[in-house]
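Structure record follows, encoded as structure tokens.
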Amino acid sequence: MIEWFMWVQFAIACVIGVVAVVLGLVGRKPNDYTVGGLALVELLLLVQLVVALVAPAVGNPPQGNVLEFWVYAVSVVLVPPATIVWALVDRTRWSTVVLGAGAFTAAVMVYRMWQIWFALN
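In this text, residue positions in the sequence shown follow the UniProt record's numbering: the first is 1, and each later residue adds one.
Put into structure tokens, the structure is as follows:
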């Protein structure tokens, strides 16, 4: 993992999470911005996945438990698509809140992946 990229990813996911939860709580249904925000989170997660695959080959191996890291990495990549599908199937304001929860989940899991990678447990 690259530390600065993790912090950028964490911040973006948190901002998208706050915006989506607030919009959902004020009654807004999922729209292009909220769904697009989760698509951006997914894109960043996929980039992080590629970085995690390449990093050991260029001298940045994980310091912590590799299996635990990859379980988090694979699991978190599934969260945004699942919330997007939920938002497309159930077009209510609560789906927007679920999108926010998905963004927060991604932020927490990326932070945990960073802790595992650098053995900061």
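Cβ atoms here follow ideal geometry from the backbone N, Cα and C, with glycine treated the same way.
Item: Would you kindly check if the distance between the Cβ of Val35 and the Cβ of Ile84 is under 7 Å?; Value: yes
Item: Specify whether the region 96 to 107 and the region 7 to 20 touch according to this definition: at least 3 beta carbon pairs, one from each stretch, less than 8 Å apart.; Value: yes
Item: For Trp114, which residues in the same chain have their Cβ closer than 6 Å to its Cβ, ignoring the five residues on either side in sequence?; Value: Met1 and Met6
Item: Looking only at C-alpha atoms, which of Ala119, Asn121, Leu120 and Gly102 sits nearest to Phe10?; Value: Gly102
Item: Please state whether the Cβ-Cβ distance between Leu44 and Val77 is less than 7 Å.; Value: no
Item: According to DSSP, simplified to helix, strand and coil, what is Gln48?; Value: helix
Item: If you draw a straight line from the alpha carbon of Ala119 to that of Arg28, how long is it in whole angstroms?; Value: 41 Å
Item: Taking 8 Å as the limit between beta carbons, can you name the residues of its chain near Tyr72, skipping five residues before and five after?; Value: Met109, Arg112, Met113 and Ile116
Item: Might you give, ordered along the chain, the residues of its own chain that have their beta carbon closer than 7 Å to the beta carbon of Ala52, omitting 5 neighbours on each side?; Value: Met1 and Ala73
Item: Specify the secondary structure class of Pro30 as computed by DSSP and reduced to three states.; Value: coil
Item: For a test of the three-state rule: what should DSSP assign to Ala119, helix, strand or coil?; Value: coil
Item: Mapping DSSP to helix, strand and coil, what is Arg93?; Value: helix
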